[in-house]
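Heads up: the first sequence at position 67 corresponds to 71 in the numbering used here, and the numbers run straight through without jumps.
Even for Gly, the Cβ is constructed at its ideal location relative to N, Cα and C.
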Amino acid sequence: MSAPPAEELVKQWESEQARLRQQVVEKDTEDWQKTPGFSGLERVGGVDLSFIKGDDVNACAQLVVLSYPDLEVLYEDSQMVTLTAPYIAGFLAFRETPFLLEALQRLQRKQPTLLPQVVFVDGNGLFHYREFGLACHLGVLSGLPCVGVAKNLLQVQGVNKDEEHQSQIAALQKGGDSFPLTAASGKVLGKALRSSDKSSKPVYVSVGHKISLDTAVRLTHACCRYRVPEPIRQFPEA
DNA sequence: GCGACAG
DNA sequence: ATCTTGTCGC
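Given below as structure tokens:
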């Protein structure tokens, strides 16, 4: 048997994204999201896959749950996994989601009361070529509210890393300041957020699932001690 | 040929 | 993603 050509795979993945895209909920669905201080929010999660050296097949899938607002570790899980799908920009979810979901399912089985009320994901949500990045994918498949936080700008739908963008970054004065990432269509796909007073390089926040963009940005800022939100900043060692 | 390319 | 040391500044 021969492996399916990459082109065929990509077509298949595109249609899968289009199908799941319809299930994304782009607004606040939880009570805690609607309060100024997120009252009722007690657990925030983060997921990530980390690699070693030049090995792009074996990775460590990690899930951490922190208390809110103290951001103390309540739960952590690390599992070595073997990846099957290649990394193709725009299709990160097909490579990582299965293992992130497994981690959430292990938690649900062992300590369901520790399930996070929102999950931070390394990568984009709606800020994506087809408005369905990793954070949306994981959100829809898990049913949990998810927030996408990317450390680098994906140049997509007319959003460019040009001089205008650079000057908007320069105008972010303090932690919490942000500016919208607007697609050619006019839709705001995400926001560039200065996540702390000390970091001049912003993070790129977008809706994953079951949360509004403004709430996602506000929550991200509330979870940042440094540039990257605590739940996805640094994970325990493998 | 050159630039872009979440993780 | 990951490889890597020092260095400059507060």
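Between the region 60-67 and the region 76-84 there are three or more inter-stretch CB-CB distances shorter than 8 Å, so the stretches are counted as touching. Put simply, the backbone Cα of V163 is about 15 Å away from that of P206.
Contact between L142 and L104 holds, with the beta-carbon distance rounding to 6 Å and staying under 8 Å. Going by beta carbons, T224 and S204 fall outside the 8 Å limit.
Looking at the backbone, the Cα of P233 and that of E34 are separated by about 21 Å.
Around L45, the same chain offers W36, Y72, Q121 as residues with beta carbons nearer than 7 Å, after the five sequence neighbours per side are excluded. Of the candidates R237, D59, I173, D59 places its Cα closest to the Cα of Y91.
DSSP, reduced to helix, strand and coil, places P235 within a helical segment of the structure shown. F124 and A154 have their C-alpha atoms spaced approximately 10 Å apart. Per DSSP, N164 has no beta bridge partner at all. Taking 8 Å as the cut-off, the Cβ atoms of G212 and A139 count as close. A residue is called buried once 16 or more other Cβ atoms fall within 10 Å of its Cβ, and Q112, having fewer, is exposed.
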